[in-house]
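Worksheet: one structure, shown below.
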């Protein structure tokens, strides 16, 4: 009996060394975006330290590489790009990452879907659940090659992440369906919100600004307004922090003219991907509570912040309940 107890104890101790490493981080990861850095941290856990180039809440198109960024890249063991074929910033980072281990778009097995005149929309593709899982898989594979003795640890973290994403997307879809929004046609302010809309079963009627200097024609504007007034377009979807952009201003003007509501989703604050999905599902599901710009003469940001705060609260409560349930079952 004593020998059996000792054997079990040794097994538990050996498992602890595999599943909960105690050594200091050995792989330094630098990503273009905090979204990729957060997934690297999820998969790498105690074996990695992470950093990113573009400040949180900043559009990748509007950021320029600094000397401090070049220094970050020089100290990296692994550099994770969003896509050097799509984003000029990533091309510059790639030039400064010679001799480093690099992950780029082609490593993710990601799907790019058409939008407007774009056959393949790269903007915010990482927000689509299948693509996020592909990014996580590529990171797991690379970390396992760099640190083979921790392969099972990285694999367990990947499986946990995949399970979490599947659970949260199911919860988010239920939220959207129960609110009566599922399948509604929406007008996008920018291409970056497309993959959130697609993931949450919304149909896209069009996009106001497809890219730099790609503004809608007068005929497009007339068509959008006609479809809004006829009820064919339910609301406009824009990204938080882009209210003051050209696309955001156009969206607000259309709202003032037609009474259509503008819903703001989070595509930048990616410290936790599953929480982001829940927040965005909650924001979209609360569309009936959003005040349109036509019904007010004051700044609408107060109402936007109220909706976002309530959405964030709901997301946190749902996520805590999910993790608690998992711990109980395990």
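In the numbering used here, the protein residues as written are 60 to 389. Even glycine gets a Cβ: it sits at the ideal position worked out from N, Cα and C.
One or two residues paired with residue i in a DSSP bridge
i, result
"residue 320", "294"
"residue 87", "108"
"residue 192", "Note: residue 192 sits in no beta bridge, so no partner."
"residue 138", "89 and 161"
"residue 245", "263 and 294"
Same chain, Cβ closer than 6 angstroms to residue i, neighbours up to 5 away in sequence not counted
i, result
"residue 193", "167, 168 and 169"
"residue 234", "340 and 344"
"residue 145", "181"
"residue 72", "For residue 72, the predicted structure reports a pLDDT of 41, less than 50, and the residue's modelled location is therefore unreliable. A value from the coordinates is still provided. Hits under 6 angstroms: none found."
"residue 150", "143"
"residue 187", "254 and 258"
"residue 213", "102, 199, 202 and 203"
7 angstroms Cβ shell around residue i - same chain, five flanking residues per side excluded
i, result
"residue 180", "171, 172, 173, 174, 250 and 253"
"residue 176", "269"
"residue 333", "223, 224, 227 and 378"
"residue 285", "none"
"residue 201", "137, 160 and 162"
"residue 325", "299, 335, 338 and 339"
"residue 132", "89, 138, 152, 155 and 156"
"residue 328", "115, 116 and 335"
"residue 62", "With a pLDDT of 44 at residue 62, under the threshold of 50, the modelled position of this residue cannot be trusted; read the value that follows with caution. So no residue of the chain qualifies."
Secondary structure of residue i, DSSP reduced to three states
i, result
"residue 334", "helix"
"residue 215", "helix"
"residue 265", "strand"
"residue 179", "coil"
"residue 113", "coil"
"residue 174", "strand"
"residue 156", "coil"
"residue 220", "helix"
"residue 204", "helix"
"residue 271", "coil"
"residue 313", "helix"
"residue 240", "coil"
"residue 299", "coil"
"residue 166", "helix"
"residue 328", "coil"
"residue 281", "helix"
"residue 145", "coil"
"residue 62", "Its pLDDT being 44, under 50, residue 62 is placed unreliably in this model, and the value from its coordinates should be taken loosely. Helix at residue 62."
"residue 233", "helix"
"residue 128", "helix"
"residue 123", "coil"
"residue 252", "helix"
"residue 365", "Bear in mind that a pLDDT of 48 at residue 365, under 50, signals an unreliable position, so the model cannot answer this."
"residue 184", "helix"
Option nearest residue i by Cα separation, candidates the options
i, options, result
"residue 134", "141, 112 and 150", "112"
"residue 142", "272, 92 and 309", "92"
"residue 197", "101, 321 and 302", "101"
"residue 349", "304, 311, 188 and 165", "311"
"residue 85", "203, 279, 157 and 190", "203"
"residue 282", "321, 264 and 297", "264"
"residue 287", "246, 128, 99 and 322", "246"
"residue 238", "291, 195, 346 and 212", "346"
"residue 290", "320, 126 and 211", "320"
"residue 116", "351, 301, 190 and 323", "301"
"residue 140", "125, 190, 164 and 195", "164"
"residue 95", "126, 184, 122 and 127", "184"
"residue 125", "106, 148 and 118", "148"
"residue 266", "296, 128 and 219", "296"
"residue 110", "352, 351 and 330", "330"
"residue 118", "304, 351, 352 and 129", "304"
"residue 248", "240, 280, 236 and 130", "280"
Cutoff 8 angstroms; reference residue i; Cβ partners in own chain excluding five residues on either side
i, result
"residue 216", "101, 102, 103, 104 and 199"
"residue 271", "120"
"residue 243", "261, 262, 293 and 294"
"residue 206", "85, 86, 106 and 213"
"residue 221", "192 and 195"
"residue 98", "191, 194, 195, 198, 220 and 332"
| Is the segment 335-349 close to the segment 248-264, with three or more CB pairs under 8 angstroms? | yes
| said: Three or more C-beta pairs under 8 angstroms: does that hold for the segment 214-232 against the segment 311-321? | reply: no
| Taking contact to mean at least 3 C-beta pairs separated by less than 8 angstroms, is the segment 266-286 in contact with the segment 303-310? | yes
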